[in-house]
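Data first, discussion second: the structure below is written as structure tokens.
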Amino acid sequence: MESAPKLSTVCVYGGVSYNTQQNALSRGVDVVVGTPGRLIDLINGGSLQLGEVRYLVLDEADQMLAVGFEEDVETILQQLPAERQSMLFSATMPSWVKKLSRRYLNNPLTIDLVWPSCFHIHFLFYFPGPLIFSGYFAVTCSTKVDNESVLST
1 MESAPKLSTV CVYGGVSYNT QQNALSRGVD VVVGTPGRLI DLINGGSLQL
51 GEVRYLVLDE ADQMLAVGFE EDVETILQQL PAERQSMLFS ATMPSWVKKL
101 SRRYLNNPLT IDLVWPSCFH IHFLFYFPGP LIFSGYFAVT CSTKVDNESV
151 LST
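The sequence shown begins at 1 in full-length UniProt numbering and counts up by one.
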């Protein structure tokens with residue numbers, strides 16, 4: 001059985017050294033996990049280019065709206081190449097998340113898991129073909145804890 005590829009990663013978020021994160025990116029990475037605000041800072045500073053991103057994972061999309069990241073997320077999505085695989089995860093589907101999915105996903109698949117009188121979980125996926133884990137990833141998380149949990153799995 002073939003083993004998973006070894007991927008280099010960097011976690012970027014506010015409250016820690018910008019220069020350290022900038023240096024890590026300059027060495028080249030396969031996976032960037034970050035909060036929208038710090039991703040924008042690194043893009044504006046020329047340390048992060050999104051032109052080669054082939055996979056995007058946007059987790060907690062509804063929560064990003066709740067904490068005011070709507071504009072930052074839109075800015076990031078507008079800079080991504082048209083040909084990419086995008087996965088958007090959201091516990092709820094407010095109008096902003098639906099609008100985002102219509103604008104940035106092609107033929108999205110919605111998975112709606114409902115338990116009686118409990119809660120709703122919604123997932124939006126777009127799979128153009130089989131998942132191939134090679135190339136560049138951009139993962140956005142709303143908090144430092146979320147960023148670190150992605151890298152530890």
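The C-beta atom is built at its ideal place from N, Cα and C for all residues, glycine as well.
Hey, residue i and residue j are a contact pair by Cβ (cut 8 Å); roughly how many whole angstroms apart?
i	j	result
residue 37	residue 72	6 Å
residue 39	residue 48	7 Å
residue 42	residue 12	6 Å
With respect to the alpha helix (DSSP H) encompassing residue i, which residues constitute its N-terminal and C-terminal limits?
i	result
residue 75	70–78
residue 25	18–26
residue 65	61–66
residue 105	Segment: none, residue 105 is in no alpha helix (DSSP H) and carries neither H nor E.
residue 39	36–44
Could you check where the beta strand (DSSP E) with residue i kicks off and where it finishes?
i	result
residue 9	9–12
Which residue or residues does DSSP assign as beta-bridge partners of residue i?
i	result
residue 93	Note: residue 93 sits in no beta bridge, so no partner.
Q: Mind the definition here: the stretch 52–61 touches the stretch 17–28 only if three or more C-beta pairs lie below 8 Å; say whether that holds.
A: Taking 8 Å as the limit for Cβ pairs, the verdict is that the stretch 17–28 does not touch the stretch 52–61.
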